[in-house]
Amino acid sequence: MIQLFAPLVTPFHSDESIDDDAFLENLSLYDRAPLDGYVINGSSGEAEMLTQEERVRMVKMVASNTRRPIIAGVAAESVRATLEELHLLAELELRAVLIRTPSYFGGQLDQICYYRMLAERAAFPILVYQIPQCTGVRLTGSELEEIARIDGVIGIKDSLGDLSLLNEVEWPDGFQYFLGASGLLQPGLAAGACGGILALADVVPELCRELLELSADPSRQKEARELQRRLIPLNRLIGGSRGYGIAGLKAACELRGYKGGAPRRPLRGLNEAQRMELEKVLSYLT
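Under the working numbering, think of the first position of the sequence shown as 4, with each following residue one higher.
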């Protein structure tokens, strides 16, 4: 079944503490949107800007307030620190944990060893999180083939920005390849992806669901391509590599009636001209 998960943003108060009320207001709205579940503490949620205590509390808060499946992101560099955070989540029922590639020590890191050791000890199924535009780490096809065969590793969120690995790697049967790049949704589903974990779904979940359904229907590929093209301008503006990044995503959420607010510093905010451009692009979609 094609699945759509939204990686939820984290609203803050003016003092940069987490605004629980705003977050829960968003969650209530998303619970009525055509989504299959949520990612908490992903890049869109500013996981790297949160403390371990905050990340764990966020997951527990969501688990207490929704019946939808939850994928919890874990942001740590070492096996030990990652397992410590997973242990703090052990009481919860999670669909999976999304574990990004460690990155700080670059080529000194054994990525295969990292995921193998986690899978041997973790209480949850693991999704590999590849986002080289943030980490600088791009797993090779051979590395991914080996990681994908580890018991307990059930899939990947690939935010690479192209479909080279989806087409190159011989994935095990049942392995779940989630697209992290909204601009590749239509061709990615055609190539065998199981769905998307998309920041765009924070802003326009209904259009993302429509795109998934069109893309999954061989008789409606022309419509899928047309909708994919319509979404490109917004997707570019909320992207992190050439767009406005987290600030753009949160501003777009606000313009759609969700709570967004400013990102945690030192992430940049938006100026008025950038916000007006977002508003203009959104007006063409809604």
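Using N, Cα and C, we set each Cβ at its ideal position, and we do this for glycine too.
Three-state secondary structure assigned by DSSP to residue i
i: Val82; result: helix
i: Lys63; result: helix
i: Pro236; result: helix
i: Phe178; result: coil
i: Pro37; result: coil
i: Phe26; result: helix
i: Ile21; result: strand
i: Glu94; result: coil
i: Ile115; result: helix
i: Asp220; result: coil
i: Glu49; result: coil
i: Asn296; result: Past the edges of the chain, shown from 4 to 289, lies residue 296, and the structure says nothing about it.
i: Lys225; result: helix
i: Ala276; result: helix
i: Lys262; result: coil
i: Leu2; result: Shown here, the chain extends from 4 to 289; a query on residue 2 therefore has no answer.
i: Asp154; result: coil
Per DSSP, the bridge partner or partners of residue i
i: Tyr132; result: Arg103, Lys160
i: Ile73; result: Tyr41
i: Gln6; result: Gly198
i: Phe15; result: Ile21
Buried or exposed by the 16-neighbour rule on C-beta atoms within 10 Å, applied to residue i
i: Asp161; result: buried
i: Ser20; result: exposed
i: Ser47; result: buried
Same chain, Cβ closer than 7 Å to residue i, neighbours up to 5 away in sequence not counted
i: Leu166; result: Leu187, Pro190, Gly191, Ala194
i: Ile115; result: Glu146, Glu149, Ile150
i: Tyr117; result: Val82, Pro105
Chain-order list of residues whose beta-carbon lies under 8 Å from that of residue i (same chain, five-residue window excluded)
i: Ala227; result: Gln189, Leu214, Leu217, Ser218, Asp220
i: Cys256; result: Val12, Asn29, Asp205, Val206, Lys262, Gly263
Any non-hydrogen atom of the ligand ADP within 8 Å of residue i CB
i: Gln189; result: Of the ligands one can find in the structure shown there are none, so the ligand ADP has no counterpart to examine.
Residues of its chain near residue i, where Cβ-Cβ distance is below 6 Å and the 5 sequence neighbours each way are ignored
i: Leu86; result: Arg124
i: Thr138; result: Thr104, Ser106
i: Arg259; result: Val206
i: Ala265; result: Gly272
i: Glu171; result: Gly144
Exercise. Can you find at least 3 beta carbon pairs, one from the segment 89–107 and one from the segment 131–145, that sit closer than 8 Å?
Worked result: yes
- prompt: Between the segment 63–76 and the segment 29–36, do three or more beta carbon pairs fall short of 8 Å?
  reply: The answer is yes - the segment 29–36 touches the segment 63–76, with three or more Cβ pairs under 8 Å.
**Prompt:** Are the segment 41–61 and the segment 83–97 touching by the rule of at least three beta carbon pairs closer than 8 Å?
**Reply:** yes
- prompt: Do three or more CB pairs link the segment 9–20 to the segment 222–238 at distances below 8 Å?
  reply: no
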